[in-house]
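Following: one structure in structure tokens, then a few remarks.
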Amino acid sequence: MLRSLALGMMVALSLAASGPYSAARAESSIAGRYTYTGTDTDGSAYDGAGEVVVTKAPSGAYEIVYDGGAYTGVGQVTGDTFSFASMAEGKNSISIGTIRPDGSIVTRWWRYKDKGSKGTETWVRK
């Protein structure tokens, strides 16, 4: 029984680590430059595409800079999820994104005191 349980755990762990898109690959590949498009919290589309740059800070967190500094934030990767908080013009936002196997990131985001909850973004690596 114990041997079967140990074998099952080893198989599960090896599948998780070597799957088509492992968490280690997601985290190691997130730093870079992206073009983004999206919708505001009221559901209206952005006027056009922008640029976001993600770098890994000495602390291990990720620094996020939108459009040369118009918005800045800090985030963390857990598995294939990229969560971050940002601020611009005195407004705080939170975002939760999924890192896709092709390296793009699809997020939902919310801003403090906004009435809508339809904020979305799609980041495509440059």
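Read in order, the letters of the sequence shown correspond to residues -23 to -1, 1 to 103 in mature numbering (1 follows the signal peptide of the UniProt record, and there is no 0). Don't be surprised by glycine CBs; every beta carbon is placed ideally from N, CA and C.
Whole-angstrom distance between residue j and residue i, CA atom to CA atom
i	j	result
W87	I7	21 Å
G93	S21	10 Å
K33	I73	18 Å
V101	S81	5 Å
V31	F61	11 Å
Expected contact under 8 Å - CB spacing of residue i and residue j to nearest Å
i	j	result
residue 104	D19	Not covered by the structure: residue 104. The range shown for the chain is -23 to 103.
When the options are compared against residue i, the one with the closest alpha-carbon
i	options	result
K103	T16, E28, Y23	E28
G9	F61, G56, V42	V42
A47	M64, Y39, E40	M64
S36	T12, Q53, N69	Q53
Helix, strand or coil at residue i [DSSP, three-state]
i	result
A38	coil
A62	strand
A47	coil
I73	strand
Y23	coil
K68	strand
Y13	strand
K33	strand
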